[in-house]
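Visitor: Pasting a structure here, questions to come.
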Amino acid sequence: MVAPTASLAPSQPTTPSPAANDALTQAKAASQSRPQGQRDTLNAQILQASLQVSLQAGNNSMALLYRTAIDGINEYLAPELGPDAIGQAMGQDNSPEGTASRIVSMSTAFFEAYAAQHKNDAPEDVIRNFVELIRGGFEQGFNEASDILNGLGVLGEGSPIAQGINQTFELVQKGYDEFLAAKLAALTPKEAPKDTPEAAI
Numbered sequence: 001m002v003a004p005t006a007s008l009a010p011s012q013p014t015t016p017s018p019a020a021n022d023a024l025t026q027a028k029a030a031s032q033s034r035p036q037g038q039r040d041t042l043n044a045q046i047l048q049a050s051l052q053v054s055l056q057a058g059n060n061s062m063a064l065l066y067r068t069a070i071d072g073i074n075e076y077l078a079p080e081l082g083p084d085a086i087g088q089a090m091g092q093d094n095s096p097e098g099t100a101s102r103i104v105s106m107s108t109a110f111f112e113a114y115a116a117q118h119k120n121d122a123p124e125d126v127i128r129n130f131v132e133l134i135r136g137g138f139e140q141g142f143n144e145a146s147d148i149l150n151g152l153g154v155l156g157e158g159s160p161i162a163q164g165i166n167q168t169f170e171l172v173q174k175g176y177d178e179f180l181a182a183k184l185a186a187l188t189p190k191e192a193p194k195d196t197p198e199a200a201i
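Mapped onto UniProt numbering, the consecutive letters of the sequence shown carry residue numbers 1 to 201.
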């Protein structure tokens, strides 16, 4: 997967320094002239150069986490639902709760499309496989975001950014667990009330 290079601009626009622009240009040029095996490292360098300008607060780290999580889920969904299944729109609420809510709702929204392509599979298998698929994509994106933020030195002990992304991770996992439980519960027919009268004494 090619890591996203979109700018995660803070609410106050900032002008990149010439040094940051030079680093970004050099990293992009190097990325285009090297073999695929080195592209991942260079993509991280491109992101680092971009984020030196725009990563100023915890809000932007959550935006990065959201973006890489969505990219990871898109990569996992691509063989089933085509490229960029989930749009890249960035929301306003970059709190752990807001970020987790968007990740869960946007990824689980594709369940019906996924299920339609697996009509011949057992319904329980379809549900479990779908959740496993989107969970894997999220975890890949989360790990990539964590690596980038760690490389920028913003995930030290006691870091509010580290606390925020870890809370987001837990909330997304909880959301997927709840989605899975709700879908599985919907498969189980409700027991009909027993109206057999008690035996006469």
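For glycine and all other residues, C-beta sits at the position ideal for the given N, C-alpha and C.
According to DSSP, is residue 154 part of a helix, a strand, or is it coil?
Guide: Residue state, collapsed to three classes: coil.
Visitor: With residue 236 and residue 161 assumed to form a contact (beta carbons below 8 Å), what rounded beta-carbon distance in angstroms separates them?
Guide: Because the chain spans 1 through 201 in this model, residue 236 falls outside it and cannot be assessed.
Visitor: Out of 141, 119 and 99, state which residue places its alpha-carbon closest to the alpha-carbon of residue 68.
Guide: For the residues 141, 119 and 99, the minimum Cα distance to residue 68 belongs to 141.
Visitor: Evaluate residue 188 with the Cβ neighbour count: other Cβ atoms within 10 Å of its Cβ, from every protein chain shown; 16 or more gives buried, anything less gives exposed.
Guide: Residue 188 comes out exposed.
Visitor: Using three-state DSSP, classify residue 99 as helix, strand or coil.
Guide: DSSP places residue 99 in helix when its eight states are reduced to three.
Visitor: With residue 73 and residue 148 assumed to form a contact (beta carbons below 8 Å), what rounded beta-carbon distance in angstroms separates them?
Guide: The Cβ separation is near 17 Å, so there is no contact.
Visitor: Put residue 79 into one of helix, strand or coil per three-state DSSP.
Guide: Here residue 79 sits in helix by DSSP.
Visitor: In terms of residue numbering, what span does the alpha helix (DSSP H) encompassing residue 169 cover?
Guide: 160-187 is the span of the alpha helix (DSSP H), which, as asked, contains residue 169.
Visitor: State yes or no: is the C-beta of residue 168 within less than 8 Å of the C-beta of residue 96?
Guide: In contact: residue 168 and residue 96 (Cβ atoms closer than 8 Å).
Visitor: With distances taken from CA atoms, which of 107, 172, 156 and 165 is nearest residue 75?
Guide: Of 107, 172, 156 and 165, the residue nearest in Cα terms is 107.
Visitor: For residue 170, is the classification buried or exposed, using 16 other Cβ atoms within 10 angstroms of its Cβ as the cut-off for buried?
Guide: Classification of residue 170: exposed, given that the 10 Å Cβ count is below 16.
Visitor: Looking at the structure shown, is residue 117 part of a helix, part of a strand, or coil, going by DSSP?
Guide: Reduced to three states, the DSSP call for residue 117 is coil.
Visitor: Between the C-alpha atoms of residue 164 and residue 154, what's the straight-line distance to the nearest angstrom?
Guide: Near 12 Å, if we compare the C-alpha coordinates of residue 154 and residue 164.
Visitor: Cβ atoms of residue 180 and residue 131: under 8 Å apart, would you say?
Guide: Yes, these two residues count as a Cβ contact at 8 Å.
Visitor: If you compare alpha carbons, which of 184, 136 and 115 is closest to residue 172?
Guide: Residue 136 is the option with its Cα nearest to residue 172.
Visitor: Buried or exposed: where does residue 121 fall if 16 or more other Cβ atoms within 10 Å of its Cβ makes it buried?
Guide: Residue 121 should be labelled exposed.
Visitor: Is it the case that the Cβ atoms of residue 175 and residue 100 are separated by a distance below 8 Å?
Guide: Closer than 8 Å, so yes.
Visitor: Quick check on DSSP: helix, strand or coil for residue 69?
Guide: Residue state, collapsed to three classes: helix.
Visitor: Let me know the secondary structure DSSP gives residue 94 once reduced to three states.
Guide: Here residue 94 sits in coil by DSSP.
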